[in-house]
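S.K.: Take this structure, written in C-alpha cells, and hold onto it; I'll ask about it next.
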Amino acid sequence: MAEKDWIARYFAPLASGQGAAGLRDDVAQLSIAGPVAITTDAMVEGVHFLSRDPIDTVARKLVRANVSDLLASGAEPAEALLTLGWPAARGEAEIAAFAAALGDELARWGAGLIGGDTVANPDRLFLSLTLTGRCLAGAPVRRAGAKPGDCVWLSGSVGGAARGWDGLHSAAGRAWQEGGKDAAAPAWVSAYRLPELPPLGIAGLVARCASAAMDVSDGLLIDARSLAAASGAGIHIALESVPFAGGAADEAEMLKLASWGDDYQVLFTAPEGQASEIAQLAKKEGVKLARIGKIVDGSGLALSLHDRKVNLPETLGFEHGRVGSPVTRP
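Each residue of the sequence shown is one higher than the last, beginning at 1 in full-length UniProt numbering.
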C-alpha cells in the first residue's frame with residue numbers, strides 16, 4: 001500500500017478539525033488562540049519500547065508521553081502532529097491498530113490530529129508526536145520558579161514501570177511473551193507498557209498553585225534535581241513520603257524505583273501556605289497527591305529516610321544520549 005493510501009485510510013479519519021483540511025495539505029492551521037504550550041516526544045523501537053510490545057500500547061504511550069508534559073505545564077492538550085517512520089516489516093494490520101489507538105488516546109485527552117509526516121524506514125519503528133496545549137494561566141508553568149521553603153508535591157506513584165520491566169525480563173515474563181500455554185502475564189506489565197497519567201484536572205491545579213513543575217519521565221531523583229537546578233535552589237526528598245508502586249521493602253528498593261523512570265507523573269512545588277488549597281483541589285479533581293519534600297537553600301539533591309541521611313545512588317535516572325549508556329532501558 002502506498003503512503004498516500006494508508007494516510008487516507010487510517011489517519012485522515014482522525015483529522016476531523018477544520019485546520020487539518022483532511023490531511024490533504026503540507027500545512028495545518030492551529031485553531032486555538034494563545035497562550036499556547038507546545039511539546040514533542042520521540043520514541044524509537046528498542047530504546048523506548050520493545051519490539052514485542054503491542055502496537056496499540058506503543059501508540060497510547062506516545063500520546064501520554066506528550067500529554068504528561070502539557071499537564072505539568074498547566075496546559076490542556078489540543079492538537080497533534082505525527083511523524084511516523086514505518087518499517088516494511090510491520091504490515092497494514094499494525095498500521096490500522098496503531099492509528100485506531102492513536103486516535104482513541106488523543107480523543108481521551110481532548111486532542112485531535114491535524115498533520116504530520118510519514119516516511120518509509122528500512123530499520124526500526126520511529127515515532128514522534130508534537131502536541132499543542134491551551135495554557136490555563138498566562139503562560140506555561142516552568143521548571144524554574146521554585147523558592148526555598150516551597151513544598152514538593154508528587155502525583156500518583158513511581159516505580160510501576162520498573163516493576164513491569166523486571167517482570168517482562170524474568171523467566172516467567174519471557175515465557176509469557178513467547179506464548180507459553182500456562183504462562184501468566186507478569187505483574188505490573190501494563191504500568192511499563194501503558195503508564196497511568198494523573199487526571200486532566202491536574203493541569204488546572206498546576207496552573208493555579210505551582211511555582212515550578214515538570215513531569216517525571218526519566219526518574220524521580222534525576223527529574224527532581226533538574227527542577228531544583230532550573231530554579232537555582234536545592235531540593236530535599238524524604239523517601240518515606242514517596243508513594244512507591246507496590247510499596248518498597250527497604251532503602252535499596254526505594255532508590256531503584258525512584259531512579260528508573262517512565263512514570264509520567266507530575267512533580268511540582270508550591271508555597272507551604274497553599275497546602276490546604278492544593279489538597280482541596282486535588283480532592284475535587286480526583287488527583288492523588290503526596291507531599292514528598294521541600295525546596296532548600298543551596299543546590300543539588302538531598303535524600304533522607306526517617307530523618308537519616310541517604311547517600312545518592314550512582315545513577316539518579318535515565319540520561320538521554322549519555323556515552324556508554326545501554327541502547328534499551330536498564
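No residue lacks a Cβ here, since even glycine has one placed at the ideal position from N, Cα and C.
1) By Cβ distance below 6 Å, which residues in the same chain neighbour residue 65 in space, the five residues on each side in sequence not counted?
2) To which residues of the same chain is residue 148 closer than 6 Å at the C-beta, ignoring the five residues directly before and after it?
3) Compare the beta carbon distance of residue 209 and residue 278 with 7 Å and say whether it is the shorter of the two.
4) Can you tell me where the alpha helix (DSSP H) with residue 226 in it begins and where it stops?
5) With distances taken from CA atoms, which of 136, 119 and 135 is nearest residue 128?
6) Does DSSP classify residue 297 as helix, strand or coil?
7) Quick one: what's got a C-beta closer than 6 Å to residue 137's C-beta in the same chain, skipping five residues either side?
8) Examine the Cβ distances between the stretch 102-117 and the stretch 244-253 and report whether three or more of them are shorter than 8 Å.
9) Please work out which residues of its chain come closer than 6 Å, Cβ to Cβ, to residue 162, disregarding the five sequence neighbours upstream and downstream, and give them in chain order.
10) Report all residues from its chain with a CB closer than 8 Å to the CB of residue 244; omit the five preceding and five following residues, and keep chain order.
11) Please classify residue 211: does DSSP put it in a helix, a strand, or coil?
12) Report the rounded CA-to-CA distance for residue 100 versus residue 43, giving the unit in angstroms.
13) Since residue 276 is in the alpha helix (DSSP H), which residue starts that stretch and which ends it?
14) Using only CA atoms, which one of 222, 299, 229 and 265 lies nearest to residue 313?
15) Report back the beta-carbon spacing between residue 78 and residue 32 to the nearest angstrom; my notes put them in contact at under 8 Å.
16) Could you check what DSSP says for residue 313 in three-state terms: helix, strand or coil?
17) Quick one: what does DSSP say residue 77 is sitting in, helix, strand or coil?
18) To which residues of the same chain is residue 29 closer than 7 Å at the C-beta, ignoring the five residues directly before and after it?
19) Taking the beta strand (DSSP E) that residue 244 belongs to, which residues open and close that run?
20) Below 6 Å CB to CB, which residues in the same chain sit around residue 59 once its five sequence neighbours on both sides are set aside?
M.R.: Reading from the atomic positions:
1) Cβ neighbours of residue 65 beyond the five flanking positions: 41.
2) Within the same chain, residue 148 has close Cβ partners 233, 295, 296 and 297.
3) With a cutoff of 7 Å on beta-carbon distance, residue 209 and residue 278 are scored as near each other.
4) Unbroken alpha helix (DSSP H) run through residue 226: 220-231.
5) Put simply, of 136, 119 and 135 the residue whose alpha carbon is nearest the alpha carbon of residue 128 is 119.
6) DSSP places residue 297 in coil when its eight states are reduced to three.
7) Around residue 137: 74 and 207.
8) Using a Cβ-Cβ distance cut-off of 8 Å, the stretch 102-117 and the stretch 244-253 are not in contact, since fewer than three pairs of beta carbons, one from each stretch, lie closer than that value.
9) Non-local beta-carbon contacts of residue 162 in its own chain, meaning distances under 6 Å to residues more than five positions away in sequence, involve 257 and 260 in chain order.
10) 157, 158, 159, 253, 254, 257 and 258.
11) In this structure, residue 211 counts as coil in the three-state DSSP scheme.
12) The straight-line gap from Cα to Cα measures roughly 18 Å.
13) 275-285 is the span of the alpha helix (DSSP H), which, as asked, contains residue 276.
14) Closest in alpha carbon position to residue 313, among 222, 299, 229 and 265, is 222.
15) About 5 Å; that satisfies the 8 Å criterion.
16) Coil.
17) Residue state, collapsed to three classes: strand.
18) Within the same chain, and ignoring the five residues on either side of residue 29 in sequence, the residues whose Cβ sits closer than 7 Å to its Cβ are 19.
19) Per DSSP, residue 244 lies in no beta strand (DSSP E) segment and is marked neither H nor E.
20) Correct list, in chain order: 98, 101 and 102.
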